[in-house]
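Working notes for the structure below.
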Amino acid sequence: MRVELDLAINDGSVIDTEKRRRRPLNVGIRGDKIVAVTAQKLKAKRVIDACGLIVSPGFIDVHAHLDGDAYGGELAACQGITTSIGGNCGLSPIEMEDFFQAQERDGYPIHQAEYVGHSFSLRREAGLKNPYVPASPEQIARMECLAQKALEEGACGISFGLDYSPGASLEEIRALAALCAAKDRVMPVHTRLFTRYDLDSLTEILSIARDTGVRLLFSHFVYQYGEGDLDSALEIVDKARDAGLDIHIDSGMYTDWATYIHTATYDLQTIHDNGMHFHDMMVATGPYIGQRLDFELYAKIRNEYPDESIIYCNHLKDEAHRTLRCPYAMPSTDMGAYSPGEGHPQIAGTFPKFIKDMVRIRGELSLEEALSKATLLPARLFAIPGKGKIEEGFDADLTVFDFDRLSDLAVYPDQGRPDAKPVGIEYVMVAGNLVVDQGIYQNSQRPGRVIRYMR
Ligand SMILES: [Zn+2]
Ligand SMILES: [Zn+2]
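If you count the sequence shown from 1, position 385 lands on 384 in numbering that gives the first Met the number 0, and the numbers rise without skipping.
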C-alpha cells in the first residue's frame, strides 16, 4: 500500500531552476522531502490549490545578519526566504557549536548557515580594540586558531567587514583566507573603502584570492560601489573571473545602506574623507527614528545610543538593477535584528521587490532567471545539498506566490513601516512545514535547521 502524502501542491506553475522553464505540475511532499513532481493530480492529508500561483524552490538569502533573531526570522520567512546565511560583515558568534545547539534547542522558522566573522568578532576576541590598528603576529595566530575551530564546528566560511576594521593588514586577511580556501568554504567580503570611489578596495581582495585560491563573494556590492564607479567595479570583477578566479557578488534592491552609528563607517574622519552629509543620514532605530541628522543629533546619538542604526541616503536609482542583472550576482537582504516598526526596508521587502521590479515591471530578467538567482545559484555556490530545485528527493523548501499581486510594502522609516510585510507570498514551506500559510505567518512553526559544514 502506498503511504499517503503529507501535503500536495496541485495545479501550480512549477519552476525548473535548472532548465529555466515553468510547467503546470503537481508537487507531493512526505516528511521533509519532495517525493513527487508529476502531471498527475495528487491526493494528500492537506492539498493546496496553487492554481494561478508560481511554485518556486524557497529563496536562499546569501547575506544576512539574523543570527537567530526571532523577529528577523519571521520577516525573512514572510519574504519567501527558507535559508539564511548569517554572520556576515565580520560580525558573528565565535563559539559556533554553541550557536548551532542553541538554534536547535530553541527552534527557528527557517534554515540557517553561519559564517565566523573577522572584523568585529575574531578581532575583538584576539584583543584588538582599535579598528585602525593591524593585528600583531600573535593576534593573527589567535584569530586563525579560533576561526579554524569555528570552521571545524561547521561555519560556512569566514566573513569580513573591512570598513569596520580599516586597519586590518593584508597578512591578517590572507591568513584567514587561506583557512577558508583549505576547507573550500566561501569568503564574503564587505570591502574597505577609504574614499567613495576606491577601487583599490576590490583589487586588494582579488590579490588575496590569487594568492590563496579562496572563493570570493563580494557583499552588498551596490552599497560599496553604487556611487558612480559601479561599471568600473563590475569590469574589474569580470576580468578577474575571466582570469579564472571564483567570484560571485550579492546585492539588495536598495542603494541606501544602514549600519550602527558606533562603527568606523560613521567616524567623523570617515564622514569627512568621503564627503558624506549629515542631512543624508536617517535614523533607522530608537527614539529618533525617521529623523535626519545634523551635527548635534549625530553627536548625541553616537554618544548616548551607539547601537542605533543609521541609513545613509545616496540618491541613486538604477544601480541595484544593473548589479543584479550580472549572471553571477545574487539577491540578498543584509537584514539584521530590529524591533518591530524599526529598521531598513530591506528587512521585509527585498525578495518581493526583486521579482516585482526586475521581472514584472521592468522585464530585466525572466521570472525563471530571477528565481534561479535566488535559489539554485546560491545552493550551488554554498554547496547546500538538496536545495535550489524542485525535484523528487530534494528538500521540501518551497515558496508559492502570486506573481501578479506580489508587492513589497516596506518603506524607509520617515515614510512608514520598514518592516511592513509584502503581499502575494501565499505559502512558504520549510522542511515540509508551512511557516506561511495562506499569506499568514505561523508563529508556532520552528522547522528550520542549522546547516553545518563538516567536509
Ligand atoms: Zn556589510
Ligand atoms: Zn551585512
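Cβ coordinates follow ideal geometry from the N, Cα and C atoms, glycine included.
- Collapsing the DSSP output to three states places I260 in coil.
- Put simply, of I260, R184 and G387 the residue whose alpha carbon is nearest the alpha carbon of E303 is I260.
- In the DSSP secondary-structure assignment, H189 is bridged to G160.
- By a beta-carbon distance limit of 8 Å, P130 does not contact L397. Their separation comes to about 42 Å.
- Among the bridge pairs identified by DSSP, G116 is matched with S158.
- For M428, the three-state secondary structure derived from DSSP is strand.
- Closer than 7 Å to some heavy atom of ligand 1: that describes the Cβ of S218.
- Short note on C88: C-beta closer than 7 Å to some heavy atom of ligand 2.
- The continuous beta strand (DSSP E) containing H247 extends over residues I246 to S250.
- In the structure shown, T349 falls within a helical segment according to DSSP collapsed to helix, strand and coil.
- In this structure, the alpha-carbon of V434 lies about 41 Å from that of R195.
- Judged by beta-carbon spacing, I270 lies beyond the 8 Å limit of T82, meaning their Cβ atoms are not closer than that value.
- With a cutoff of 7 Å, D413 does not count as near ligand 2, since its C-beta is closer than that to no heavy atom of the ligand.
- For secondary structure counted as the beta strand (DSSP E) over 3 or more consecutive residues, the segment 359-441 holds these complete runs in sequence order: 397-400, 424-429 and 432-436.
- A distance below 6 Å between beta-carbons, with the five flanking residues on each side excluded, links D66 to the following residues of its chain, in chain order: G85.
- Residue side-chain check: H343 keeps its Cβ at 7 Å or more from all non-hydrogen atoms of ligand 2.
- Beta-carbon to beta-carbon, A232 and L198 are separated by about 6 Å, close enough to satisfy the 8 Å threshold.
- Within the same chain, and ignoring the five residues on either side of F393 in sequence, the residues whose Cβ sits closer than 6 Å to its Cβ are I33 and G385.
- Pairing G166 with E96, the inter-Cα distance amounts to about 29 Å.
- DSSP places A328 within a strand segment (E or B) once states are collapsed to three.
- In this structure, the C-beta of D249 stays at least 7 Å away from each heavy atom of ligand 2.
- Under the criterion of beta carbons closer than 8 Å, E425 and D401 qualify as touching, at roughly 6 Å.
- Under the three-state reduction of DSSP, N302 is assigned to helix.
- Listed in chain order, the alpha helix (DSSP H) runs fully inside the segment 63-141 are 69-77 and 95-105, counting runs of at least 4 residues.
- With distances taken between CA atoms, Q437 lies nearest to V427 out of E151, P446, R445 and V427.
- Judged by pairs of C-beta atoms under 8 Å, the segment 356-371 does not touch the segment 266-285, as fewer than three such pairs exist.
- According to the DSSP assignment, D5 belongs to the beta strand (DSSP E) that extends over L4 to D15.
- Taking C-beta separations shorter than 7 Å and ignoring five residues to either side along the sequence, the partners of R184 in its chain run L150, C155, G156 and Y452, following chain order.
- When the Cα atoms are used, R404 and L175 turn out to be separated by approximately 45 Å.
- Considering only L121, M142 and G243, the residue with the shortest C-alpha distance to Y163 is L121.
- Beyond the five residues adjoining it in sequence on each side, A378 comes within less than 7 Å, by CB distance, of I59, K386 and G387 in the same chain, given in chain order.
- By the C-beta criterion, the segment 110-119 is judged not to be in contact with the segment 205-220, since fewer than 3 inter-stretch pairs fall below 8 Å.
- Judged by beta-carbon spacing, A336 lies beyond the 8 Å limit of G106, meaning their Cβ atoms are not closer than that value.
- Contact annotation, I14 with E390: C-beta distance approximately 11 Å; criterion of less than 8 Å not satisfied.
- Fewer than three pairs of CB atoms, one per stretch, sit closer than 8 Å, so the segment 332-350 makes no contact with the segment 234-242.
- Between Y440 and A76, the C-beta gap is smaller than 8 Å, which places the two residues in contact.
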